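S.K.:
Numbering (the working numbering), first residue to last: 7 to 206.
1. What alpha helix (DSSP H) runs, 4 residues minimum, are completely inside the region 157 to 206?
2. Tell me which residue opens and which closes the beta strand (DSSP E) that residue 16 is part of.
3. Can you tell me the Cβ-Cβ gap for residue 67 and residue 81, rounded? I've got them flagged as a contact below 8 Å.
4. Within a Cβ cutoff of 7 Å, which residues of the same chain sit near residue 78, ignoring the five residues on either side of it in sequence?
5. Can you tell me which of 97, 134, 12 and 177 puts its alpha carbon nearest to the alpha carbon of residue 116?
6. In terms of alpha-carbon separation, which member of 111, 106, 192 and 44 lies closest to residue 159?
7. In the DSSP assignment, the beta strand (DSSP E) including residue 26 goes from what residue to what residue?
8. How about residue 53 and residue 74: do their beta carbons lie closer than 8 Å?
9. Determine contact between the region 175 to 183 and the region 105 to 120, defined as no fewer than three beta-carbon pairs at a distance below 8 Å.
10. In angstroms with no decimal places, state the Cα-to-Cα distance between residue 5 and residue 135.
11. Quick one: what's got a C-beta closer than 6 Å to residue 121's C-beta in the same chain, skipping five residues either side?
12. Assuming residue 188 and residue 168 make a contact with CB atoms under 8 Å, what is their CB distance in whole Å?
13. Can you give me the C-alpha to C-alpha distance between residue 109 and residue 130, rounded to a whole angstrom?
14. Could you pull out every residue in the same chain whose Cβ sits closer than 6 Å to the Cβ of residue 72, ignoring the five residues on either side in sequence?
15. Can you give me the C-alpha to C-alpha distance between residue 128 and residue 94, rounded to a whole angstrom?
16. Please return the same chain residues whose Cβ sits closer than 7 Å to the Cβ of residue 51, not counting the five positions on each side in sequence.
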């Protein structure tokens with residue numbers, strides 16, 4: 007119904023803003039992580055999703071169309087409403103969410119308040135074929151998983167080793183990806199270098 011609103015930011019509260027457009031102040035719920043980028047008085051464009059229920063009308067806003075699309079996919083998952091969808095995007099960026107979904111990283115997604123391991127598994131199952139992963143192909147760690155599928159045991163062993171130390175699978179993949187010539191190393195050397203990346 008409302009694709010976006012362009013106006014002046016007049017108020018910022020935890021998890022919501024008021025955006026004024028032509029004398030009307032729109033109360034818009036936003037991911038908490040977005041607040042640090044906003045400043046009172048700035049003119050901005052917010053992409054919106056209007057959620058209508060019998061007893062409530064809510065406007066949810068995002069700073070990019072990509073974030074809005076991710077939100078709409080999230081609330082399309084059975085059992086995930088707009089509050090939990092917003093909570094996911096308050097906990098993870100769209101990039102982090104996509105990495106976690108493609109690597110089936112239940113631990114990372116489970117960090118979302120209101121979404122336990124069971125909900126995270128369902129989210130992964132529902133979203134794996136729906137999210138667009140093209141932008142992850144370069145520099146994201148996605149190709150690391152593709153290479154392990156071709157029999158690169160060192161990379162797989164290192165990722166599993168980092169996971170056993172308490173890191174999430176997507177964190178482990180990204181740490182390994184940062185190691186130059188990772189695919190040509192022995193597991194022990196690769197693990198040491200990947201651990202250094204975890205400390206940065």
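Beta carbons: idealized from backbone N, C-alpha and C, even for Gly.
A quick note: this is a predicted structure, and the numbers were derived from the prediction, not measured.
M.R.: Result, derived from the coordinates:
1. 159 to 170, 175 to 183 and 193 to 205
2. Start and end: 10 to 19.
3. The beta-carbon distance between residue 67 and residue 81, rounded to whole angstroms, is 14 Å. This is too long to meet the 8 Å contact definition.
4. 55
5. 97
6. 192
7. Annotation for residue 26: the continuous beta strand (DSSP E) segment containing it runs 22 to 27.
8. yes
9. yes
10. This structure cannot settle anything about residue 5, because the visible part of the chain is limited to 7 through 206.
11. 90
12. So it is not a contact: roughly 12 Å between Cβ atoms.
13. 9 Å
14. By the criterion of a C-beta distance shorter than 6 Å, residue 72 is surrounded in its chain by 100, once the five residues flanking it on both sides are discounted.
15. In a straight line, the C-alpha of residue 128 is about 14 Å away from that of residue 94.
16. Around residue 51: 10 and 12.
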